[in-house]
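> Take this structure, written in structure tokens, and hold onto it; I'll ask about it next.
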Amino acid sequence: MTALEALRVDGVAKSYGSLAVLRSVSLAVAPGEVVGVVGPNGAGKTTLLDLLTGTGRCDAGRVLLSGRDVSRLPPPARARLGLGRTFQVPRPLGDLTVFENALVAAVRGAGLRGRHAYGAAFAALSYAGMAGLANTRAGGLRLLDRKRLELARALAQRPRVLLLDEIAGGLTDPESEALIATIRAVNEIGTTIVWVEHVMRVLTAVATRLICLADGRVIADDAPAAVLASEDVRAAFLGGGVL
Amino acid sequence: MTLLEVAGLNVFYGDFQALFDVSLSVPRAGSALALVGANGAGKTTLLRTIAGANRAASGSVTFSGTDITTAPPYRRITAGIALVPEGRKLFGSLTVEENILVGSSAVSRPGEWPLERIYEVFPMIAARRKQRASVLSGGEQQAVAIARALAAAPSLLLLDEISLGLAPRVVGELYQTLAGLRAAGTTLVIVEQDLARAMAACDDLVCLLEGRVALAGPVSSVTREQVVAAYFGQVRAGPDDVG
Numbered sequence: 001m002t003a004l005e006a007l008r009v010d011g012v013a014k015s016y017g018s019l020a021v022l023r024s025v026s027l028a029v030a031p032g033e034v035v036g037v038v039g040p041n042g043a044g045k046t047t048l049l050d051l052l053t054g055t056g057r058c059d060a061g062r063v064l065l066s067g068r069d070v071s072r073l074p075p076p077a078r079a080r081l082g083l084g085r086t087f088q089v090p091r092p093l094g095d096l097t098v099f100e101n102a103l104v105a106a107v108r109g110a111g112l113r114g115r116h117a118y119g120a121a122f123a124a125l126s127y128a129g130m131a132g133l134a135n136t137r138a139g140g141l142r143l144l145d146r147k148r149l150e151l152a153r154a155l156a157q158r159p160r161v162l163l164l165d166e167i168a169g170g171l172t173d174p175e176s177e178a179l180i181a182t183i184r185a186v187n188e189i190g191t192t193i194v195w196v197e198h199v200m201r202v203l204t205a206v207a208t209r210l211i212c213l214a215d216g217r218v219i220a221d222d223a224p225a226a227v228l229a230s231e232d233v234r235a236a237f238l239g240g241g242v243l
Numbered sequence: 001m002t003l004l005e006v007a008g009l010n011v012f013y014g015d016f017q018a019l020f021d022v023s024l025s026v027p028r029a030g031s032a033l034a035l036v037g038a039n040g041a042g043k044t045t046l047l048r049t050i051a052g053a054n055r056a057a058s059g060s061v062t063f064s065g066t067d068i069t070t071a072p073p074y075r076r077i078t079a080g081i082a083l084v085p086e087g088r089k090l091f092g093s094l095t096v097e098e099n100i101l102v103g104s105s106a107v108s109r110p111g112e113w114p115l116e117r118i119y120e121v122f123p124m125i126a127a128r129r130k131q132r133a134s135v136l137s138g139g140e141q142q143a144v145a146i147a148r149a150l151a152a153a154p155s156l157l158l159l160d161e162i163s164l165g166l167a168p169r170v171v172g173e174l175y176q177t178l179a180g181l182r183a184a185g186t187t188l189v190i191v192e193q194d195l196a197r198a199m200a201a202c203d204d205l206v207c208l209l210e211g212r213v214a215l216a217g218p219v220s221s222v223t224r225e226q227v228v229a230a231y232f233g234q235v236r237a238g239p240d241d242v243g
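Line by line, the protein sequences are chains A and B. One point on numbering: in the working numbering, the residue at position 138 of the first sequence is 138, and numbering is uninterrupted. One point on numbering: in the working numbering, the residue at position 78 of the second sequence is 78, and numbering is uninterrupted.
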């Protein structure tokens, strides 16, 4: 591993019973990069995020965060080392306000206290465009705002590496543009981003590299245009014959 | 008379909009339409809305000249629409034959598809008619799911991802059966991940992208590059009727 890597995955494998979901996946992400992870249904994308955050345990291989092997650490320990994550289906604490949701993330995720926790929570809401809704009950938010709060909760943990899981689905064009601007802003403050996404138009507006998973393996790792032009990638998405 | 006409369909799950102003038509009996698109594009939602399992917020579904937009699912079945759902959704504790009879019980008139005819079309399940559906192989279960739909004597058969998880040989057999159904006058709308297979089996193609029609036209007129661009969303325009 080199000191330049924010995240490294070495030969990671994961099976559920007889079903091999990931088979020796390796990848590396440099600090400040925005890397998109794409792949057809069942490719292993969300499983990969689970192994990165510690929600799932690797059967083989290692996960390194800024050079440190975190493979055996539980999710809270990885969060405190700078790994943040959003989930595909946002599940805010509905009875708490938007601000309280972000505060819980700052305290429980990053281990912050007092004014540091308040500061992190408010900064996260500002980046996610949610400061104006700070006192709104989270349970009443519309979809876009629930997604923004999900992002704010991840940011309140002050992650150095942020993992995003399909946050662009179901948005209108202006909402997509707003999301693109938000992710760019988060990246500009130095956050490394690994983004699982199927809305290519939004993903490729920000990502400088795409990694394509298929059948539990990395089949392409290159600039977005090169990955989307790859015959292997097209066959993985569109079927073996591809016209 | 146009057999199926979908016009300006908008469908929501809560405040998540899954379909945006979707229109398509299946002009004549015995034709086949391929419905393709990436994960989350809205294919299953569209099929379920045509079948009445999802409610349209606006827009219309017209079948054989009758507006069925607000008709409940059982009325649509008696009108001649049957859905083969993704994941088969068989009654595992019932026998093969009981599953098929559930389909025929949905219609009051004597069906054009008595059990003998169904077993002729699907010899792979004839020998297993007294066995519980849960003990069948994936291919056999898929055959039962199609047989259950046929038992309702549909003129329009909606098929959602029938090849998912099946061996290529079994998929080939199922598609041969579908070709026979078409020849006998049944109209098909097929959601299929394998683009080459879908295009070989159908006359027309509609590609959905983020809940919108990104490409529509006769299979013979669409180019590989058009389909790839529509699928990945590298360009997004309104409906691009190439026909």
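We put the CB at the ideal spot given by N, CA and C, even for glycine.
Does I193/A come out as helix, strand or coil in the three-state DSSP assignment?
Taking the first sequence and counting its residues from 1, the one referred to as residue 193/A is at position 193. Of the three classes helix, strand and coil, the one that applies to I193/A here is strand, per DSSP.
> In chain order, what residues of the segment 174–202 of chain A put their CB closer than 7 Å to some CB of chain B?
Those residues of the segment 174–202 of chain A that come within reach of chain B (Cβ to Cβ, closer than 7 Å) are H198, V199, M200 and R201.
> Who are the Cβ neighbours of L81/A in its own chain at under 6 Å, not counting the five residues just before and after it?
Along the first sequence, read from residue 1 onward, the residue named residue 81/A stands at position 81. Counting only Cβ-Cβ distances below 6 Å, and skipping sequence neighbours, we find L65.
> What does the Cβ neighbour count give for M1/A, buried or exposed, with the cut at 16 atoms within 10 Å?
Along the first sequence, read from residue 1 onward, the residue named residue 1/A stands at position 1. Note that M1/A scores a pLDDT of 47, beneath 50, so its modelled location is shaky; the value from the coordinates is reported in the next line. M1/A is exposed by the Cβ-count criterion.
> Using a Cβ-Cβ cutoff of 8 Å, what residues of the segment 22–44 of chain A are near chain B? List them in chain order.
For the segment 22–44 of chain A, which is checked against every Cβ of chain B, the residues closer than 8 Å are P40 and N41.
> Which runs of the beta strand (DSSP E), 3 residues or longer, sit entirely within the segment 166–218 of chain B?
List check, beta strand (DSSP E) in window: 187–191, 204–209 and 212–218.
> Looking at the structure shown, is Q131/B part of a helix, part of a strand, or coil, going by DSSP?
The residue you call residue 131/B lines up with position 131 of the second sequence. Q131/B: coil per DSSP, three-state reduction.
> Using only the alpha-carbon positions, how far apart do A200/B and V189/B sit?
As a first step, residue 200/B is located in the second sequence; it is residue number 200 there, counting from the start. As a first step, residue 189/B is located in the second sequence; it is residue number 189 there, counting from the start. The straight-line gap from Cα to Cα measures roughly 13 Å.
> Mind checking G94/A: buried by the 16 CB within 10 Å criterion, or exposed?
Taking the first residue of the first sequence as 1, we reach residue 94/A at position 94. By the 10 Å Cβ count, G94/A comes out exposed.
> Among residues of its own chain, excluding the 5 on either side of A179/B, which ones have a beta-carbon nearer than 8 Å to its beta-carbon?
Looking up residue 179/B in the second sequence gives position 179. So the list reads A201, once near-sequence residues are dropped.
> Which residues of the segment 169–197 of chain B have a Cβ closer than 9 Å to any Cβ of chain A? Give them in chain order.
The residues in question are E192, Q193, D194, L195, A196 and R197.
> If the cut-off is 7 Å on Cβ atoms, which residues from the segment 34–64 of chain B count as contacting chain A, listed in chain order?
Result list: A38, N39 and G40.
> Are the C-beta atoms of G111/A and some chain B residue less than 8 Å apart?
In the first sequence, residue 111/A corresponds to position 111, counting from 1. Not an interface residue.
> I'd like the list of long-range same chain contacts for L166/B, defined as Cβ closer than 6 Å, with 5 residues on each side in sequence excluded.
Position 166 of the second sequence, counted from the first residue, corresponds to residue 166/B. Excluding sequence neighbours, L166/B sits near G138 and G139.
> Mind checking who G37/B pairs with in its DSSP beta bridge?
Mapped onto the second sequence, residue 37/B falls at position 37. Bridge partners of G37/B: L208/B.
> Residues in its own chain within less than 7 Å of L27/A by CB, not counting five upstream and five downstream?
Here residue 27/A refers to the residue found at position 27 of the first sequence. If we look at L27/A and ignore the five residues flanking it on each side, its Cβ neighbours are V9, I211, V218 and D221.
> What residues from chain A crowd round F91/B, counting only those whose CB sits closer than 7 Å?
Counting from one through the second sequence, the residue named residue 91/B turns up at place 91. Under the 7 Å cutoff, chain A gives no residues; its nearest Cβ is about 25 Å from F91/B.
> List the whole-angstrom C-beta distance separating A38/B from Y231/B, where the pair is believed to meet the contact cut-off of C-beta under 8 Å.
Here the question's residue 38/B lines up with position 38 in the second sequence. Here the question's residue 231/B lines up with position 231 in the second sequence. That pair is a contact at about 6 Å.
> Suppose you measure from the CA of R201/A to the CA of L215/B; what does that come to, to the nearest Å?
Taking the first sequence and counting its residues from 1, one reaches residue 201/A at position 201. Taking the second sequence and counting its residues from 1, one reaches residue 215/B at position 215. Those two C-alpha atoms are separated by around 16 Å.
> Taking 8 Å as the CB-CB limit, is G233/B close to chain A?
Residue 233/B sits at position 233 when you count from the first residue of the second sequence. Closer than 8 Å: yes.
> Determine the burial state of G14/B: buried for a count of at least 16 other Cβ atoms within 10 Å of its Cβ, exposed for fewer.
Residue mapping note: residue 14/B aligns to position 14 of the second sequence, counting from 1. G14/B is exposed by the Cβ-count criterion.
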